[in-house]
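All remarks here apply to the structure that follows.
In UniProt numbering, the protein residues as written are 1 to 75.
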């Protein structure tokens with residue numbers, strides 16, 4: 001298993017833990033921001049700017065939908 005595969009699994013696990021946390025308590029904004037960083041890692045990008053400047057319309061819409069859901073629980 002490559003380091004990239006391990007990073008993707010770790011990022012996915014972080015997102016999963018965040019969603020579990022959001023079901024039992026209110027996550028902090030910092031936890032939401034960490035989840036968004038993990039979401040970027042799952043997409044194989046360094047940051048949101050990279051996705052928005054190079055991603056296709058459908059990918060950007062999907063990313064924004066998940067990001068909105070992540071932030072909804074923290075705000």
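No residue lacks a Cβ here, since even glycine has one placed at the ideal position from N, Cα and C. It should be emphasised that the depicted structure is a prediction, and the values quoted were computed from it without experimental measurement.
- Secondary structure remark: continuous alpha helix (DSSP H) runs of at least 4 residues inside the stretch 16–60, in chain order: 29–42, 48–54.
- Taking one beta carbon from each stretch, the stretch 47–59 and the stretch 9–16 have fewer than 3 pairs nearer than 8 angstroms; the two do not touch.
- One alpha carbon belongs to residue 4, the other to residue 45, and they sit about 11 angstroms apart.
- With fewer than 16 neighbouring CB atoms inside 10 Å of its own CB, residue 75 falls in the exposed class.
- Contact between residue 34 and residue 71 does not hold, since the beta-carbon distance rounds to 12 angstroms and is not under 8 angstroms.
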